[in-house]
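Start counting the sequence shown at 1; every next residue gets the next number (the UniProt record's numbering).
Note that the Cβ used here is the ideal one computed from N, Cα and C, for glycine as well.
Taking it in order: structure first as structure tokens, then the write-up.
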Amino acid sequence: MDVFLSDFDSYSESSSSDDQEDDEFMYGGQASCILSNLQETIGKIDEFLLFERRYVHGDVVYMSKDPSSQMGRVTNVEMVVGLENLNEKKLKDVDSKQLQRIRSISVGDYVAAGPWVGKADHVTDSVTVLFDDGARCEFTITGMEKLVPISLDMVDDHPYYPGQRVKVANSTISKSTQWFCGSREVNHNEGTVCAIDAGLVHVTWLGCALFGSESQPVPPSLQSAKDLTPISCFTHSHWQIGDWCTLPKIQDPGVGSRSRKSPEFQEIFVIAKIRSRVDVLWQDGSESHGLDSSCLGPINTIDAHDFWPYQLVLEKGSCDDENNRKWGVVKGVDAKEKTVKVKWESATDVVEETVSAYELIEHPDYTYSQGDLVFRLHKGRDFEDTQGFCSNFHLARIGTVIGFKNGIVEVKWAAGFTSKVAPHEIFRVEKSEGISATPLLNNDSIEPKLEKSEHDNHTPDSSEKDLSDSEDDEKDCLKTLYNSTTFNVSRAAIGFLSNVATHLFGSPLYTSLPVATDRVPENGSLSGFDSEEDVQMFVETSEEAKSKETEESKDVSVLSASKNLKEIQQFDMVNDCSNHHFFDSPGKGSISSQVRKGWLKKVQQEWNILGNDLPETIYVRVFEERMDLIQAAVVGAPGTPYHDAIFFFDIFLPPEYPQEPPMVHYNSGGLRVNPNLYESGRVCLSLLNTWTGTGSETWNPNGSTILQVLLSLQALVLNNKPYFNEAGYDQQVGSVEGEKNSCSYNENAFLMSCKSMLYVLRKPPKHFEALVEEHFSKRCVYILTACKAYLEGVPIGCAFHVEPEVPKGNSTGFKIMLTKLVPKLVEAFTAKGFDCGEYSKMAW
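Right, here's the structure in full:
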């Protein structure tokens, strides 16, 4: 204790300077030594971590020294590993191509049986044991293991391995055990595992390489590994630290000295280190070979408008015949400027052109990546050549994509040969679980025509077929709402609602609500209410709430029935809801009278709130004949890529409202403007319980309102950086990768907003025609001014409050697309009679 006190005292303020110098000499040197050792240790750790960095074919990477530069795809991997066995024997710099797996088939491998392809989801071991008396037999381990390891079990994912000492747990060996030599009757106690392989394999079948009349029945799920052909490619680059492996047998001078209890077998090793060098194909078409993996960084998120050399793309557009759309092969990409050099393919000519990345999409039918499983449609000469020597000619129809070149796909077939095929000669097999008689294709929807209304002869596209279960449940769980008991209210209640409507809108509601006189029971009580007293109490309560409105709110609530361009009502009651998305949606059957009363009261409260508190940029329409339906128009806020565009939503109040949230449909016109708003109309928002959320983010029956939903759509969904709305992308905020993708998303979001303006101008939604005309007549010059500013480089959303020092930042690809859209906007505005000022004569 005294020692510690003296040390402390030596650093007190009363210590002499000489003592301090002595102490600094003593301890400072030690500290320097410790720091030096620490830095050395950290360096070794960094070196070790860099040594472990691993990439596989198809990974997207960037150069670590320049994270904001173009991206590249890994096209080849050369790997060397450091090995160590159970006896601490170490091997350095072993080529990973020499490594062998302990079992020929492992969980997750793709396998073929005849023309069928599947995925192994469970594998049992087949273990060959050499007993000490010279007998040799093979055990199939099915869960009731009869072999007990004597050696320490150090291989977690492989309970048995070559060289392991085992003993028979039961003296009575199963007759299913296969004996190669020796007698079954002799008592065999201990032996050595000399070989191990896959035994029985449970397979989930994915698809058949034969079609139509040639197709064959689905094989049994349980298969012997001997009847399966592994379909593997690039396995040498898939090794990871901690994996167990073996090496080919090499004659060892010491083998002859081993005893009979230690027979010759393949040694098992664990991978202790990995070093890899990769080849990378960059977006601009250049290639790098033999790059050390430590100089690269992984890209986790790829922007929708990033393309790659040799990728097959399709031109966006609104052609009536999709077959007339141009398709081509990407030759090179300017990642920063968002431009793509494309070689267009056609029946008559081949043309190379530099276009905007925003006017291209991946070809929906010809999208392949390295490692994809494919089936062959066209047999070809090489297929015919294999039938003479291939025992299973079906394997010539099943392959793995290994490369691309100028629109041609290189495939390694399960039969053992490699060939080049045209993209239309193969089908891609989806690697998802589930039996499929034919391979599945990537049928992502192509952008629908702007001129076509979503309600006019609408046929669901493939994107709508892929909606989540909640979309399907929406139609399955409801009944016709117009005939729902929610609206079979008594005459007294209808009279009250008529008075409310007269107060709010200046017109009665009585004649438009359905009356169900047959709902009056024999005891005389009114349907929806237990007694006349309940009706009177309901009316009095509502009238009391109504009387609390101020004169100012009355001025806002009392709306004129006349419509004109100078005064567009923000909240109004209209007739004819036939164009509403939920017009013919089925309801959920009868509900209790208590819930019915609560529903009516809640709707009246919602109408009051909307009539009094709507902000200037949100407009709402309710319907006389359908109180459960609402339509809303939301104007995009300044400072966002959605400014001055109008977005329309159809809202449905279910019978259980407000215990259940409203259902909301976005009238998209087929355009995806935001991660939360789908082309199909689906709206993902935690407040609607269509997305995950906690606390105040989710619907609260006691506090949440329709106004809150509309404000959330305007402020939280249509915000200034919508890219980060995507699930999990909020973790990228502030990162180089995230901000770069966000800028690109904003560019495309504004382009989609411009297209939505064209769609709305050509086909304004019913009941909002006057709003559309009034809004764009006032804002057309501002919209075109913003377009001009963005063409000059002002960041998206900053057109009217940009600082002088803001850098020019918009890509060339964005400017190319905007230059094509602006004349269409001018034409649409002019056709409506709007004054576009100087922009009407400007050459864009």
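Item, Value
"Please report the residue range of the alpha helix (DSSP H) in which residue 787 lies.", "769-791"
"Does the distance from the C-beta atom of residue 56 to that of residue 238 stay below 8 Å?", "yes"
"Please state the DSSP three-state secondary structure of residue 199.", "strand"
"Just tell me which of 688, 635 and 63 has its CA closest to the CA of residue 299.", "63"
"Between residue 201 and the rest of its own chain, which residues show a CB-CB distance below 8 Å, the 5 nearest in sequence each way excluded?", "105, 111, 120, 122, 123, 124, 222, 223, 224, 225 and 228"
"How about residue 358 and residue 776: do their beta carbons lie closer than 8 Å?", "no"
"Count the other CB atoms within 10 Å of the CB of residue 838; is the residue buried (16 or more) or exposed (fewer)?", "exposed"
"I'd like the list of long-range same chain contacts for residue 78, defined as Cβ closer than 6 Å, with 5 residues on each side in sequence excluded.", "277"
"Restricting to Cα atoms, I'd like to know which of 166, 631 and 761 is closest to residue 652.", "631"
"Would you mind stating whether residue 141 and residue 162 have Cβ atoms separated by less than 8 Å?", "no"
"So residue 817 and residue 645 are supposed to be a Cβ contact under 8 Å. How far apart are they, rounded?", "That pair is no contact at about 16 Å."
"What first and last residue would you give for the beta strand (DSSP E) that runs through residue 853?", "Missing from the structure shown is residue 853; the chain here goes from 1 to 844 and no further."
"Give the range of the alpha helix (DSSP H) segment to which residue 816 is assigned.", "812-831"
"Using 10 angstroms around the beta-carbon of residue 744, count the other beta-carbons present and answer buried if the total reaches 16, otherwise exposed.", "buried"
"In the structure shown, what three-state DSSP assignment does residue 212 receive?", "helix"
"When the Cα atoms are used, what is the spatial distance from residue 242 to residue 635?", "56 Å"
"What residues match up with residue 363 in a beta bridge as DSSP calls it?", "Beta-bridge pairing links residue 363 to no other residue."
"Answer yes if the stretch 306-313 comes into contact with the stretch 278-292, meaning at least three C-beta pairs across the two stretches below 8 Å, and no otherwise.", "yes"
"Considering just the uninterrupted stretch of the beta strand (DSSP E) at residue 866, what are its terminal residues?", "Residue 866 falls outside the range modelled here, since the chain spans only 1 to 844, and no answer is possible."
"Among 738, 739 and 835, which one has its Cα closest to the Cα of residue 774?", "835"
"In the DSSP assignment, find the unbroken beta strand (DSSP E) run with residue 871 in it and report its ends.", "Outside the displayed span of the chain (1 to 844) sits residue 871, for which this structure offers no information."
"Distance, Cα to Cα, residue 733 vs residue 716?", "16 Å"
"Rounding to the nearest angstrom, what Cα-Cα distance links residue 832 and residue 713 in this structure?", "29 Å"
"Of all the CB atoms in chain B, is at least one closer than 8 Å to the CB of residue 629?", "The question asks about chain B, but that chain is absent: this structure has only one protein chain."
"Could you name each continuous alpha helix (DSSP H) segment of 4 residues or more that falls completely within the stretch 587-673, going from the start of the chain to the end?", "593-613"
"Give the DSSP-derived three-state secondary structure of residue 236 in the structure shown.", "helix"
"Can you list, in chain order, the residues of its chain with a C-beta nearer than 7 Å to that of residue 292? Leave out the 5 residues immediately preceding and following it.", "277"
"Under a Cβ-count criterion, where at least 16 other Cβ atoms within 10 Å of its own Cβ denotes burial, should residue 366 be classed as buried or exposed?", "buried"
"Among 212, 210, 244 and 219, which one has its Cα closest to the Cα of residue 159?", "244"
"Residue 338: which of 613, 303 and 414 sits nearest, CA to CA?", "303"
"May I ask you to report which of helix, strand or coil DSSP gives residue 724?", "helix"
"Thinking just about the alpha-carbon of each residue, which of 790, 580 and 74 is nearest to the one in residue 811?", "790"
"For residue 608 and residue 623, what's the separation of their Cα atoms in angstroms?", "14 Å"
"For residue 728, count neighbouring Cβ atoms within 10 angstroms of its own Cβ and tell me buried if that reaches 16, exposed if not.", "exposed"
"Return the residue from the list 659, 629 and 363 that minimises the CA-CA distance to residue 650.", "629"
"Entirely within the stretch 287-329 and at least 3 residues each: give me those beta strand (DSSP E) ranges in chain order.", "287-292, 296-298 and 312-315"
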